[in-house]
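Step one of this worksheet: look at the structure below.
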Amino acid sequence: MLSMFDASIAPLTRALNNLAHILKKGEEYADTKSIEHGVLLNARLFADMYPLMRQVQIATDMSKGAAARLSGLEVPKFDDDEASFADLQARIAKTIAFIESVKPEQLESSETRPITITVRKVDLQFTGQDYLLKWVMPNVYFHVTTAYNILRHNGCELGKPDFLGLRK
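Counting in this note's numbering, the sequence shown runs from -13 upward without gaps.
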């Protein structure tokens, strides 16, 4: 049987490590092509979508929020003041450190834990399992994918192995 720990901590950590790799390739690409970092950090796929920086912030917020809520801990607060690739890498590292600090026993029985989050002034209520599988994971993958797509759209050489963590 798949535990909530196995269904959450490992996949979230992998997604964030892959995001860190994608960002590293984006930074290297910008340096190689003499592109000001701010151009990529503020790039969007479409005018009404969030820029790269915000995609990373949301992916990390979703991840740390899941680890905290499912384990009954306080969600760590981050200031959303990143202004560079290095700042984003530090945010990802801080998020990974937090989620990896959660122990399997802290997630025992979390599949039935009631979880309420407020999104745009609307309370959304979930069981822990539905929160993880129907809210957190789709959101994390959406924002990591969008970060990948922003960099790819701007010419960074990325491939599916980068997204999946299958790099050599």
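Beta carbons are placed, not taken as given, at the ideal position from N, Cα and C, and that holds for glycine. None of the values given here were measured: they were computed from a predicted structure.
{"Check": "According to DSSP, what are the bridge partners of Gln111?", "Outcome": "Thr102"}
{"Check": "Can you give me the start and stop residues for the alpha helix (DSSP H) that Leu137 sits inside?", "Outcome": "123 to 139"}
{"Check": "Using DSSP with H/G/I as helix, E/B as strand and the rest coil, what is Gly151?", "Outcome": "coil"}
{"Check": "Please classify Ile82: does DSSP put it in a helix, a strand, or coil?", "Outcome": "helix"}
{"Check": "When the Cα atoms are used, what is the spatial distance from Val126 to Ile44?", "Outcome": "8 Å"}
{"Check": "Roughly how many angstroms separate the alpha carbons of Ala133 and Leu(-2), rounded to a whole number?", "Outcome": "15 Å"}
{"Check": "Check for me: the alpha helix (DSSP H) holding Leu(-2) runs from which residue to which?", "Outcome": "-10 to 18"}
{"Check": "I'd like the list of long-range same chain contacts for Leu74, defined as Cβ closer than 7 Å, with 5 residues on each side in sequence excluded.", "Outcome": "Leu9, Met39, Val42, Glu68"}
{"Check": "I'd like to know whether the C-beta atoms of Val130 and Ala1 end up nearer to each other than 8 Å.", "Outcome": "yes"}
{"Check": "So what does DSSP say about Ala29, is it helix, strand or coil?", "Outcome": "coil"}
{"Check": "Please classify Leu56: does DSSP put it in a helix, a strand, or coil?", "Outcome": "helix"}
{"Check": "Can you find the residues in the same chain that come closer than 8 Å, C-beta to C-beta, to Ile136, ignoring five residues on each side of it along the sequence?", "Outcome": "Leu26, Ala29, Arg30, Leu31, Pro37, Leu38, Gln41"}
{"Check": "Is Ser70 helix, strand or coil by DSSP?", "Outcome": "coil"}
{"Check": "Among Val88, Ala33, Leu93, which one has its Cα closest to the Cα of Leu(-12)?", "Outcome": "Leu93"}
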